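Numbering (my numbering), first residue to last: 1 to 327.
For glycine and all other residues, C-beta sits at the position ideal for the given N, C-alpha and C.
Given the structure is predicted, the values throughout are model-derived calculations rather than measurements.
Reading through the structure tokens given below for one structure.
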Ligand SMILES: Nc1ncnc2c1ncn2[C@@H]1O[C@H](COP(=O)(O)OP(=O)(O)OP(=O)(O)O)[C@@H](O)[C@H]1O
Ligand SMILES: [Mg+2]
């Protein structure tokens with residue numbers, strides 16, 4: 001049996017603006033076991049980035065965690081000391097942010113930015129600047145970047161999008177000794193190299209023996225890269241299953257539509273998309289948050305009470321009254 005590396009339990013996150021409260025994450029529970037590669041899929045606005053940022057405690061000031069527990073091994077990230085949190089961010093968990101440009105400071109050379117991170121990741125190890133530079137070069141070499149010495153001495157604007165993305169991956173890997181959180185790691189790069197970058201991440205995760213939580217809209221990639229998947233809709237986990245079972249036989253009506261609406265490589269038509277609007281988090285629907293868009297919603301209970309996540313088969317969980325859970 002795997003050991004749980006990360007456990008998120010019943011997490012609620014709201015954003016507050018001057019006028020409104022956005023009730024985004026609504027009792028989310030997930031876990032990542034040691035060595036496991038886990039995918040998180042769901043349409044834009046479902047709360048994926050909110051969940052990843054909550055784990056690292058880097059939500060913007062409007063975002064508040066109002067309930068729940070986030071355990072990293074046995075450390076509760078919601079009430080640990082600042083020092084413990086820094087230690088985990090610097091040496092255990094690395095994150096590739098959805099907006100990689102925001103992760104690089106335009107006014108400093110790559111070298112200064114990388115050394116800053118590596119310095120903390122290797123704090124108290126007695127390394128000098130030359131040693132740290134060698135680590136930076138090794139990390140860049142790992143990402144198969146051509147001419148790492150030149151890259152190290154460049155400013156971000158002197159590099160192409162694909163090169164910058166490799167730098168961001170190298171920086172995330174400097175602190176990811178155990179877990180990598182990858183949030184749409186290929187959004188801002190040319191489609192022609194997206195697959196290459198994902199493969200690179202996969203190879204590095206394997207080589208370094210990391211666990212991973214991957215968010216991506218590229219379902220084909222998630223399918224190839226993960227062992228298990230969580231499907232998130234409107235701030236709720238609606239299905240959880242081993243990757244192969246999820247794609248072979250999706251259970252939740254939302255999962256089925258999501259998989260059907262993904263563009264298929266072998267099909268000449270685009271997916272139809274999912275009819276209806278995403279959840280308005282200011283006034284989320286009562287009951288099942290998917291019920292206003294669900295083609296199977298014909299029970300009063302769907303509108304009244306949130307369906308519990310129930311185990312319908314070995315390792316398969318779904319939150320939908322079609323599979324039971326009603327009273
Ligand atoms: N600072 C904020 N203030 C108010 N609402 C926010 C804020 N940040 C995010 N939200 C809202 O929270 C919801 C979830 O956002 P989030 O970025 O987590 O979605 P996502 O699943 O990562 O989407 P995408 O696939 O587009 O990256 C969205 O409706 C978004 O508008
Ligand atoms: Mg996002």
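Contact check, residue 204 vs residue 185, beta carbons under 8 Å: Taking the C-beta atoms as reference points, residue 185 is found no nearer than 8 Å to residue 204.
Opposing strand residues paired with residue 138 [DSSP bridges]: Partner(s): none; residue 138 has no beta bridge.
heavy atom of ligand 1 below 7 Å from residue 24 C-beta: When distances are taken from the beta-carbon of residue 24 to the heavy atoms of ligand 1, the shortest one is below 7 Å.
6 Å Cβ shell around residue 235 - same chain, five flanking residues per side excluded: Excluding positions up to five away in sequence, the list reads 24, 25, 26 and 47.
Within 8 Å, strictly: CB atoms of residue 63 and residue 15: With respect to residue 15, residue 63 sits close: the two C-beta atoms are nearer than 8 Å.
C-beta atoms of residue 54 and residue 41 nearer than 8 Å: In this structure, residue 41 does not lie closer than 8 Å to residue 54 by Cβ.
Validate contact between the stretch 78–88 and the stretch 97–109 using beta carbons, cut 8 Å, 3 pairs: They do not touch, by the three-pair rule.
Residue 147: first and last residue of the uninterrupted alpha helix (DSSP H) it sits in: According to the DSSP assignment, residue 147 belongs to no alpha helix (DSSP H), since it is labelled neither H nor E.
Neighbourhood of residue 154 by C-beta, 7 Å cutoff - its chain only, sequence neighbours within 5 removed: In chain order, 109 and 110 place their CB closer than 7 Å to the CB of residue 154, counting only its own chain and leaving out the 5 sequence neighbours on each side.
CB contact flag (residue 189, residue 209, <8 Å): Using a Cβ distance threshold of 8 Å, residue 189 and residue 209 do not count as a contacting pair.
Local conformation of residue 158 per DSSP, three classes: Helix, per DSSP.
Touch test, the stretch 136–155 against the stretch 170–183, Cβ-Cβ under 8 Å, three pairs minimum: Cβ pair count under 8 Å is three or more, so yes.
Cβ-based burial, residue 1 [other Cβ within 10 Å; buried from 16]: Unreliable positioning characterises residue 1 in this predicted model, as indicated by a pLDDT of 45, which lies under 50. The coordinate reading is nonetheless provided below. Burial call: exposed.
For residue 129, the nearest candidate out of 116, 140 and 141 (CA to CA): Closest option to residue 129, Cα to Cα, is 116.
Member of 170, 61 and 156 whose CA lies at the smallest distance from the CA of residue 142: Comparing Cα positions, the closest option is 170.
Burial state of residue 252 (16 or more Cβ within 10 Å): For residue 252, the number of other beta carbons within 10 angstroms of its own is at least 16, and it is reported as buried.
Residue environment, residue 250, which counts as buried when at least 16 other CB atoms sit within 10 Å: A residue is called buried when at least 16 other Cβ atoms come within 10 angstroms of its Cβ; residue 250 meets this threshold and is buried.
Top-ranked residue by Cα proximity to residue 194, from 206, 220 and 212: Of all alpha-carbon atoms in 206, 220 and 212, the one lying nearest the alpha-carbon of residue 194 is that of 220.
Residue 49 versus residue 67: straight-line alpha-carbon distance, rounded: Between the alpha carbons of residue 49 and residue 67 lies a distance of about 18 Å.
Residue 54, DSSP secondary structure in three states: Helix, per DSSP.
Length of the line joining the Cα atoms of residue 244 and residue 227: Each residue's Cα considered, the two are about 8 Å apart.
Bounding residues of the alpha helix (DSSP H) (the contiguous stretch that carries residue 37): Membership of residue 37 in any alpha helix (DSSP H) is not indicated; the residue belongs instead to the beta strand (DSSP E) covering 37–41.
As assigned by DSSP and simplified to three states, the class of residue 247: It is helical.
Anticipated Cβ contact below 8 Å, residue 287 with residue 303, distance rounded: With a contact defined as Cβ atoms closer than 8 Å, residue 287 and residue 303 qualify at about 5 Å.
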